[in-house]
Each structure stands twice: as structure tokens, then as C-alpha cells.
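>
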Amino acid sequence: MAANPLIPPFGPMCGPLYFSTALSTALYGITCMQTFFYYVHYENDLLRMKFFVATVWVLNTVHEALIVTGTFKYIMGALVNRDSLLHGVPELVLQLPFAAMVAVTTQGFFVYRIYIFNGKNIVVPLIFVPLAIYQLVSTLIYVRMALYSADGVTRAVGLLVLGDPFFMGMATSTLATAAALDVSIAVFLTYLLLRKQSVTGYASTIQVLHRLTVFAVNAGTWTATFALLSVILLHIYPSNMLYVVFVFPICSIYCNTLLANLNGRMYIRGEATTHNVDLDLFNFNSAMPMSANTNGDNRSRVVSFRTQANLDVHGLGGAK
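Mapped onto the working numbering, the consecutive letters of the sequence shown carry residue numbers 108 to 427.
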């Protein structure tokens with residue numbers, strides 16, 4: 108029996124899918140560790156912030172479960188019957204709304220930070236809201252068009268259909284909007300922080316602002332990079348799965364970016380930094396002892412002191 112010429116090769120289909128799922132799972136593991144770290148070290152945060160973190164983690168968990176399940180079904184189906192490479196898997200479509208919700212939620216967190224840093228100016232939030240709504244609506248339309256019911260069973264459209272201009276246009280516009288928002292957020296946050304640095308004269312304050320700037324740049328760099336690479340590969344290789352290498356991990360990257368900003372607050376503020384100085388380093392075996400010691404005890408003398416940057420940095424989340 109002649110092979111179906113429409114069936115794509117197994118490698119370019121299942122290889123990227125497997126690698127992307129493995130990468131996404133590894134990043135999800137980091138998300139779990141960061142979530143645990145957050146609840147252990149920031150137990151005094153406001154209840155709404157704790158609920159916010161829990162919500163994002165649950166959304167990411169559901170997203171990851173759908174990816175793993177869908178990848179398993181697709182690869183195992185292809186091993187049994189190569190014709191299944193032409194058919195979609197519902198789980199790999201259903202994960203999209205959860206990824207979109209995590210993306211919009213994380214972007215909203217940073218937009219709120221901009222709102223606080225910018226003197227509660229509502230211009231940026233007003234620009235963000237319609238773009239966030241577009242991301243969610245376009246994702247739901249994509250999912251609605253990609254799923255259908257046959258014999259009472261929910262199925263996903265085949266790969267060749269996903270190469271249709273409509274589906275490619277929806278995917279491109281959604282990913283491009285997310286990337287543009289991420290870059291804009293990073294640039295605007297960096298601008299606000301650099302502007303604050305130019306008007307402050309305190310070294311400790313400048314150090315805190317420098318640390319905040321690093322976090323701001325990283326806030327949108329990775330997610331935007333992955334989204335843009337996904338769009339590029341989708342248009343270069345529309346008939347295989349190479350683009351998903353950068354699609355699946357985006358959700359976990361958003362989560363890790365959010366949690367890194369929340370967990371880095373003590374570092375950013377310069378809180379609870381302990382320095383140990385061994386006083387024997389300054390003794391030089393001189394005849395004059397550093398302290399009276401009638402027993403001849405030459406034990407090391409260590410002084411611990413703590414430094415703290417006294418800057419009230421707003422928009423970091425958590426307890427005031």
C-alpha cells in the first residue's frame with residue numbers, strides 16, 4: 108500500500124514537540140520551586156497577593172498538564188499509525204487559553220507597577236486593557252475554530268488546516284501583540300527607573316534603582332524573544348512543529364518572570380544583608396592584644412553587621 112504523500116516526516120513533527128514539552132516541564136519545575144520560596148519567605152504579604160500567585164501557578168499547572176497529555180497522545184498515536192500525524196490533538200489546542208491568561212495576568216502586574224512608578228497615570232493602563240482583551244479574544248476564537256465535535260467526541264483540526272492563512276494570521280497577530288506589549292513594558296519601566304536615577308543623589312537609592320532596572324529589562328526580554336522566534340518559525344516552516352519549540356515554554360517563562368520579581372524584593376531593597384568580618388585579620392600578631400583575655404584564648408573574633416537600603420520602593424507587590 109502506497110504511503111500517503113501528505114503525511115509529514117516523523118522527525119520534524121514529533122522531535123520539536125517532545126523537546127518543547129521537556130523544556131516547558133523543566134521551566135515549570137523552576138516555577139514550583141519559586142512558588143514554594145515565595146510562600147516561605149514572604150508570609151507577611153497581603154492575602155490578595157498570595158491569592159494572585161496561587162492563581163497564576165494553578166493556571167500554569169493546568170497548561171503544563173494539557174501539554175504533557177497532548178504530546179503523549181500525539182507521539183504515541185504517530186508511532187502506532189503515521190496517518191495520525193495529520194490529525195490534531197485537542198489538549199494541544201486547549202492549553203492556549205491558559206497560556207494567554209497567564210500572559211495577560213503577568214503583563215497586568217507589570218503595567219500596575221508602571222502605573223505606580225508613573226505617579227498613578229492611567230494612560231499606560233488604558234492602552235494595555237484593549238490589547239490584553241485582544242490577546243484573550245483572539246486566542247478563544249482560534250481555539251473555537253480549531254476544535255470541532257464528531258460523533259460526540261471533541262477533535263482538533265489537522266495540521267494542514269492549521270497552515271491555513273486564517274489560523275496563521277490569528278497566531279501571528281496574537282504572538283506579535285504579546286511580544287510588543289512585553290517589549291513596551293520593559294522599555295517603559297527602564298525609562299521610568301533611569302529617570303528616577305537622574306534625580307536622586309543617594310548611593311543606596313541608586314543601587315536599588317540599578318537592581319530594579321535589571322529586573323525590568325528581563326521582565327519582557329525572554330517572553331518577547333520566544334514569541335518572535337515562534338512567529339518566524341511558523342512562517343518559515345508552516346507544515347511542521349518547529350515553531351512550538353518556543354511556544355510551549357512561554358507560559359512558564361511568564362510565571363518565572365513574575366515570581367522572580369516578587370522573590371527578588373529583599374535583594375532589590377538591600378534588606379537583610381549580613382556581612383561577617385574576622386577581627387583577627389586586623390591583628391597582625393602585634394604585642395597589643397585586640398581585647399583583654401586572661402585565659403590566653405585566641406579564638407577568632409567575628410563581628411556581624413547588617414546593611415539596609417532605606418528606600419520605599421513602590422509597585423513591588425506584597426506588604427507595605
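Quick reminder that beta carbons are idealized off the backbone N, C-alpha and C, glycines included. Bear in mind the structure is a predicted one, so any value in this text is a computation, not a measurement.
Contact defined as beta carbons within less than 8 Å: I believe residue 283 pairs with residue 200. What is the distance between those atoms, to the nearest angstrom?
About 20 Å separates the two Cβ atoms, so there is no contact after all.
> In the structure shown, what three-state DSSP assignment does residue 255 receive?
strand
> Confirm, please, whether the CB-CB distance from residue 279 to residue 338 is below 7 Å.
yes
> Relative to the C-alpha of residue 272, which candidate in 294, 342 and 248 has its C-alpha closest?
That would be 342, whose Cα lies nearest to the Cα of residue 272.
> Taking all protein chains shown into account, do 16 or more other C-beta atoms lie within 10 angstroms of the C-beta of residue 220, making it buried, or fewer, making it exposed?
Counting Cβ neighbours within 10 Å, residue 220 comes out buried, since at least 16 surround it.
> If you run the structure through DSSP and keep just helix, strand and coil, what is residue 195?
strand
> Examine chain C for any beta-carbon lying closer than 7 Å to the beta-carbon of residue 240, and answer yes or no.
The structure shown contains no chain C, having only a single protein chain.
> Suppose the cutoff is 8 Å on Cβ atoms and the five residues either side in sequence are ignored; what does the same chain contact list for residue 208 look like?
Cβ within range, chain order: 166 and 243.
> Taking C-beta to C-beta, are residue 214 and residue 366 nearer than 7 Å?
no
> Quick check: what's the CA-CA separation for residue 360 versus residue 125?
18 Å
> I'd like to know whether the C-beta atoms of residue 130 and residue 345 end up nearer to each other than 7 Å.
no
> Please classify residue 333: is it buried, with 16 or more other beta-carbons within 10 angstroms of its beta-carbon, or exposed?
buried
> From what residue to what residue does the alpha helix (DSSP H) around residue 180 run?
154–187
> If you draw a straight line from the alpha carbon of residue 174 to that of residue 223, how long is it in whole angstroms?
36 Å
> Buried or exposed: residue 228, going by 16 or more other Cβ atoms within 10 Å of its Cβ?
exposed
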